[in-house]
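Asker: According to my numbering, the sequence shown is numbered sequentially starting from 27. Where is the CB? At the ideal position from N, CA and C, for every residue including glycine. Bear in mind that the values here come from a model prediction, so they are computed numbers and not experimental data. My questions all concern the structure below.
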Amino acid sequence: MPLTISVDEPRTGSKQIHLEGSLDSQTSPELEKLILQVITPDIHCAILNFTHLEYISSAGLRVVLKLQQIMHKHKGNVCALGLQPQVKKVFEIVQAMPTKSIFASVEELDQYLINIQRKILNE
């Protein structure tokens, strides 16, 4: 199954990467290449939108972990949005992402981001 990728910038300093299809050994190099192009030091929040991702393999997880490393260097965060049950189970099994970074909806993610920004402003 192919992978369709699109990127938008829902707010300054963030990129949302929409994934549709299958993230596996055949398609993960495409995502990795895109991440290296769009995740620049001025990006502090990378959002992986898995709403339409039907399958992820270990090669796909490797790219997600690489994104986490990049964002850690930028002192930023990676958030996962809309994981399908089978994809969520893979993340749970390998504990690839902290559960506080996985969101069921855009609204839930937005509230999390609002709280982070308020915390920074109040420091």
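Where does Met97 land, buried or exposed, given buried means 16+ other C-beta within 10 angstroms?
Answerer: The residue you call residue 97 lines up with position 71 of the sequence shown. It is buried - the Cβ of Met97 has at least 16 other Cβ atoms within 10 Å.
Asker: Please report the straight-line C-alpha distance between Leu62 and Leu74, rounded to a whole angstrom.
Answerer: Here the question's residue 62 lines up with position 36 in the sequence shown. Here the question's residue 74 lines up with position 48 in the sequence shown. In a straight line, the C-alpha of Leu62 is about 14 Å away from that of Leu74.
Asker: Look up Gln63 in the DSSP assignment and say whether it is helix, strand or coil.
Answerer: Working through the sequence shown from its first residue, we reach residue 63 at position 37. Three-state DSSP puts Gln63 in a helix.
Asker: Going by C-alpha distance, which of Ser51, Lys59 and His44 is nearest Gly106?
Answerer: Walking along the sequence shown from the start, residue 106 turns up at place 80. A small fix is needed here, since residue 106 is Ala in this sequence, not Gly. Here the closest residue by C-alpha is His44.
Asker: Which value, in whole angstroms, describes the spacing of the CA atoms of Ser54 and Ile31?
Answerer: Numbered from its first residue, the sequence shown carries residue 54 at position 28. Numbered from its first residue, the sequence shown carries residue 31 at position 5. Ser54 and Ile31: Cα-Cα distance of roughly 11 Å.
Asker: Pick helix, strand or coil for Asn103, following the three-state DSSP scheme.
Answerer: Working through the sequence shown from its first residue, we reach residue 103 at position 77. Asn103: strand per DSSP, three-state reduction.
Asker: Do Ser51 and Leu29 come within 8 Å of each other at the CB atom, strictly closer than that value?
Answerer: Start at 1 with the first residue of the sequence shown, and residue 29 comes out as number 3. Start at 1 with the first residue of the sequence shown, and residue 51 comes out as number 25. Between Leu29 and Ser51, the C-beta gap is not smaller than 8 Å, which leaves the two residues out of contact.
Asker: What number of angstroms, rounded off, separates the C-alpha of Ser131 from the C-alpha of Gln110?
Answerer: Here the question's residue 131 lines up with position 105 in the sequence shown. Here the question's residue 110 lines up with position 84 in the sequence shown. Between Ser131 and Gln110, the C-alpha separation is close to 12 Å.
Asker: DSSP state of His98, grouped into three classes?
Answerer: Here residue 98 corresponds to residue number 72 of the sequence shown, with the count starting at 1. When secondary structure is reduced to three states using DSSP, His98 falls in the helix class.
Asker: Run the CB neighbour count on Gly108, radius 10 Å, all protein chains shown included, and call it buried at 16 or more, exposed below.
Answerer: Within the sequence shown, residue 108 is the residue found at index 82, counting from 1. Buried, since its Cβ has 16 or more Cβ neighbours within 10 Å.
Asker: If I'm right that Glu46 touches Leu79 with Cβ under 8 Å, what's the distance once you round it to whole angstroms?
Answerer: Here residue 46 is taken as the residue at index 20 of the sequence shown, counted from 1. Here residue 79 is taken as the residue at index 53 of the sequence shown, counted from 1. That belief holds up - the Cβ atoms of Glu46 and Leu79 are roughly 7 Å apart, short of 8 Å.
Asker: Note the first and the last residue of the continuous alpha helix (DSSP H) segment covering Ile119.
Answerer: Along the sequence shown, one-based indexing puts residue 119 at 93. Pro111 to Val120 is the span of the alpha helix (DSSP H), which, as asked, contains Ile119.
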